[in-house]
Structures are given as C-alpha cells and as structure tokens.
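J.: Using numbering that gives the first Met the number 0, the letters of the sequence shown map in sequence onto residues 0 to 352. The structure follows.
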Amino acid sequence: MPVLTRLIPSPLVVDIRAGALDDLAAVLADQRISASGKLAIAISGGSGAVLRERLAPALPGADWYEVGGGRLDDAIKLADAMKSGHYDAVVGLGGGKIIDCAKFAAARIGLPLVAVATNLSHDGLCSPVATLDNDAGRGSYGVPNPIAVVIDLDVIREAPVRFVRSGIGDALSNISAVADWELANREKGEQIDGLAAAMARQAGEAVLRHPGGVGDDGFLTVLAEGLVLTGISMSVAGDSRPASGACHEINHAFDIRFPKRSASHGEQCGLGAAFAMHLRGAREEAGLMAEVLRRHGLPVLPDDIGFTVDEFVEVVEFAPKTRPGRYTILEHLDLSADQIRDAYADYAKAIGS
Numbered sequence: 000m001p002v003l004t005r006l007i008p009s010p011l012v013v014d015i016r017a018g019a020l021d022d023l024a025a026v027l028a029d030q031r032i033s034a035s036g037k038l039a040i041a042i043s044g045g046s047g048a049v050l051r052e053r054l055a056p057a058l059p060g061a062d063w064y065e066v067g068g069g070r071l072d073d074a075i076k077l078a079d080a081m082k083s084g085h086y087d088a089v090v091g092l093g094g095g096k097i098i099d100c101a102k103f104a105a106a107r108i109g110l111p112l113v114a115v116a117t118n119l120s121h122d123g124l125c126s127p128v129a130t131l132d133n134d135a136g137r138g139s140y141g142v143p144n145p146i147a148v149v150i151d152l153d154v155i156r157e158a159p160v161r162f163v164r165s166g167i168g169d170a171l172s173n174i175s176a177v178a179d180w181e182l183a184n185r186e187k188g189e190q191i192d193g194l195a196a197a198m199a200r201q202a203g204e205a206v207l208r209h210p211g212g213v214g215d216d217g218f219l220t221v222l223a224e225g226l227v228l229t230g231i232s233m234s235v236a237g238d239s240r241p242a243s244g245a246c247h248e249i250n251h252a253f254d255i256r257f258p259k260r261s262a263s264h265g266e267q268c269g270l271g272a273a274f275a276m277h278l279r280g281a282r283e284e285a286g287l288m289a290e291v292l293r294r295h296g297l298p299v300l301p302d303d304i305g306f307t308v309d310e311f312v313e314v315v316e317f318a319p320k321t322r323p324g325r326y327t328i329l330e331h332l333d334l335s336a337d338q339i340r341d342a343y344a345d346y347a348k349a350i351g352s
C-alpha cells in the first residue's frame, strides 16, 4: 500500500534568537540561498537606514533599496528597480509594510524572499500573502512563502512595545478564527484542513498560556514562533481561514468605518476575538482571553481604543460585509443592532469592565 504524504511550503531557515541579525550573511551562505552575497535588500527610510549602516560591512555584494511605503505602486516600483540586478535573493528588512512590498517584488521578478522582521506586529511575516494598499483600498496578493525568516530578539526589543502587543492580539485571534472554521464545517459543510487548524490553534494557545511578558526572551520567542507557524498554516490551507474569522471581520470593519481612528491590526483582532468567543457561548475562554489581553496591555473594550458602544455596535453589524462568503459566528447569529448591543453589555459585564 502506498504511503501518501504532502509537501508543506515552508522556509528553509527559521532563525529566532538574540543576535540573529549579526549572522545573516553566514546563514544565507550556509543554506546556499546566497553564497555570492548578491542580494537586493529592501529597507525603510527610517530604522532601515540604521540597520543598513550596521549590516553593510558584512554584505558587501548587496544593493540597498529604500521603499517609499506600503502601496502596490511602491512594490511594483521596487520590482522594476531590482529586476536587472541578477540577484540570488530579495531580503525584506523591516516591518510588515516593507516585508509585504519585498514579498510582492520578489514574486514579480521570480526570486526567493528572505524575511528579516524588525517587529512582531502580525502574522504576515511568513504568510503566502502580501497586503498592500491600492487605489480601491487594500488588497491581498498571493505570493510564495519566504525561503528564510530571521528574527533578532534584540532588534524586536528596540521597537516600540505596541508592535509586540499587536502581534499578541493577532496570535490570540487564531483561537477564535479556528472556532469559526469549525462552525462553518458543522453548519455549512465547509472542509477543514486539520493540520492547518492545529498549527494555527496551537500557535494561539502557546501565546495565551505563556506566563511571560513582552520583555522576556522566552515569551518573545514563543510569540515569534507562533506568528511564523500561523503564516505556514495559511500556506497549508491555501487560504487565510486558519487565522481569520469574525475577529478579522471586526478588524476590517473598524478600518473601513473609521479609517482615521482605527487602532492597530492586532489590537482590533484581539478585541474582536474576545467578543466573538463570548458570542459563541465560550464564556470561560472569552474571560481568559480578555484577562491575557489586559495583562499585556491590549484593549478588551471599545472604550480602550477610543470608541463608544454605539460605534462598536456599528462595527460589528457591518463586519460580515467585509468578507462575503466567509461564515463565522457573526453570520451564524445574524444579530440586529439591538441584539449586538445587548450581547456587548453582557460581554462587558462578564469580563469585568
């Protein structure tokens, strides 16, 4: 009888530790990603310039490209600038916008992408998606997974702590997202990829259960690993389903309804996840999630990020419109504005507002 398996698209290298950035050239050479050192490195104009000064002596064969922003136009310009360089690989060195631009550019010119994250704000650093702003709003573009992921914990600690907090909210939201996927399976017969669900859920649970804080290497390592695993889980599923449910619908609704006032991606996803867990009747889980969010300094109530109850009701009512065809607890319950208001009052009371 043949043994059937599948190949999982994943990075050749995942290097998460203090001091990892200092060994970048050696890692790329040892893994035969770029033995020649001929690299195209995308950076931001701010912190990227400082890192360039630090790394340039160890990467003499590299060309450095400053990325203007996180728009589709920026990614296309980056690809056009890089395409005649005959590089071994593209390196995205920075936060989410830089890495997403580098992902798109690398895919466009047919080169592997090395993601060197300088913050842990969300799970996109190892996902098969580049999220870029365009004239119509914001688009998600399919790209290959990074061939390598390098995360230097010393660099992560130098970034504003709000980036780590955002990553925590995004990781925890996996728990709610997988619960929504299971709901869609029960109610609509939507197929679940068990491996993708397990990876995403365990990434969220590891962050939820870890006793450490945002300044601990142990906790930062678990968070970084969780975000990497979440990205791989989306590749396994071929979709963002393992990491995106009602939590992300609520996040998108905040961004659409209040574009100039919205908080970070992870803050909104974490709040949305806790509320969604409450809606599905998982009161104990919702309470624990809210407790952990609070411990790490993340919002659990709309007032924590400057929104009124009425505005939050508007967001939740609008949320299903952000992902047509995705079935979550919001679509399942199909609550009216008054019902959302009542559910929120119950939620706020349950978590100890």
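Built from N, CA and C at the ideal position, the CB exists for glycine as well. These numbers come from a predicted model, not from an experiment.
Tell whether a beta-carbon distance below 8 Å holds between S83 and G60.
T.: No, the Cβ-Cβ distance between S83 and G60 is not below 8 Å.
J.: Nearest-angstrom Cα distance between S120 and G95?
T.: Whole-angstrom Cα-Cα distance: 7 Å.
J.: With a threshold of 8 Å, are at least 3 pairs of Cβ atoms found where one atom belongs to the stretch 109-116 and the other to the stretch 19-34?
T.: Contact between the stretch 109-116 and the stretch 19-34 is present, because at least three Cβ pairs lie under 8 Å.
J.: Quick one, are the C-beta atoms of A170 and G123 less than 8 Å apart?
T.: Contact: no.
J.: Residues in its own chain within less than 7 Å of L332 by CB, not counting five upstream and five downstream?
T.: Excluding residues within five positions, the ones whose Cβ falls inside 7 Å are L278.
J.: Taking only runs of the beta strand (DSSP E) that begin and end inside the stretch 146-180, which ones reach a length of at least 3 residues, in chain order?
T.: You should have 147-151.
J.: Taking the C-alpha atoms as reference points, what is the distance between V90 and P143?
T.: Going from the Cα of V90 to the Cα of P143 covers about 14 Å.
J.: Using a Cβ-Cβ cut-off of 6 Å (strictly less than) and excluding sequence neighbours within five positions of A105, which residues of its own chain qualify?
T.: Contacts found: V89 and L112.
J.: Between C246 and the rest of its own chain, which residues show a CB-CB distance below 7 Å, the 5 nearest in sequence each way excluded?
T.: If we look at C246 and ignore the five residues flanking it on each side, its Cβ neighbours are S172, S175, A176, C268, G271, A272 and A275.
J.: According to DSSP, simplified to helix, strand and coil, what is A17?
T.: Three-state DSSP puts A17 in coil, outside helix and strand.
J.: E283: buried (16+ other C-beta within 10 angstroms of its C-beta) or exposed?
T.: Classification for E283: exposed.
J.: Under the assumption that R107 contacts A78 (Cβ atoms under 8 Å), give the Cβ distance between them as a whole number of angstroms.
T.: Between A78 and R107 the Cβ distance is about 4 Å, and since that is below 8 Å, they are a contact.
J.: Taking L380 and F103 to be in contact with their CB atoms under 8 Å, please state how far apart those CB atoms are, rounded to whole angstroms.
T.: The structure shown has nothing for residue 380, since the chain only spans 0 to 352.
J.: Considering just the uninterrupted stretch of the alpha helix (DSSP H) at L292, what are its terminal residues?
T.: Run containing L292: R282 to R294, per the alpha helix (DSSP H) assignment.
J.: Using the C-alpha atoms, what's the distance from D192 back to D363?
T.: For the chain, the structure presents residues 0 to 352; residue 363 sits outside this window and is missing.
J.: Cutting at 6 Å between CB atoms, please list the residues of its own chain near M0, excluding the five before and the five after it.
T.: With a pLDDT of 49 at M0, under the threshold of 50, the modelled position of this residue cannot be trusted, and the question is left open.
J.: If you follow the beta strand (DSSP E) that I42 is part of, which residue opens it and which one closes it?
T.: Run containing I42: L38 to I42, per the beta strand (DSSP E) assignment.
J.: How far does the beta strand (DSSP E) with E65 in it reach, from first residue to last?
T.: Note, E65: beta strand (DSSP E), D62 to E65.
J.: Find out if the Cβ-Cβ distance for the pair V312, A281 is shorter than 8 Å.
T.: In this structure, A281 does not lie closer than 8 Å to V312 by Cβ.
J.: Please determine, among E316, P127, R5 and Y140, the residue with the shortest C-alpha to C-alpha distance to R70.
T.: Of the listed residues, the one whose Cα sits closest to R70 is Y140.
J.: Can you tell me where the beta strand (DSSP E) holding Y140 begins and where it ends?
T.: Note, Y140: beta strand (DSSP E), G136 to G141.
J.: Going by the DSSP bridge assignment, what does H208 pair with across the sheet?
T.: Position check: residue 208 holds Arg in this sequence, whereas His was assumed. The partner list for R208 (beta bridge, DSSP) is empty, contrary to what the question assumes.
J.: If you run the structure through DSSP and keep just helix, strand and coil, what is A88?
T.: Residue state, collapsed to three classes: strand.
J.: Could you pull out every residue in the same chain whose Cβ sits closer than 7 Å to the Cβ of W63, ignoring the five residues on either side in sequence?
T.: So the qualifying residues of the chain are I40, I42 and R51.
J.: Assign T130 to one of three DSSP states: helix, strand, or coil.
T.: If DSSP states are grouped into helix, strand and coil, T130 belongs with the strands.
J.: Let me know the alpha helix (DSSP H) ranges lying completely inside the stretch 304-350, each 4 residues or longer, listed in chain order.
T.: Counting only runs of 4 or more, we get 308-317, 328-332 and 336-349.
J.: Within the same chain, show all residues whose beta-carbon is closer than 6 Å to that of G211, passing over the 5 residues directly before and after it, in chain order.
T.: Contacts found: G217 and F218.
J.: Pop quiz: I167 and V206 are said to be a contact at Cβ under 8 Å. What is the actual Cβ separation, rounded to whole angstroms?
T.: That pair is a contact at about 6 Å.
J.: What's the gap between the Cα of P56 and the Cα of L6?
T.: Distance between the alpha carbons of P56 and L6 is about 37 Å.
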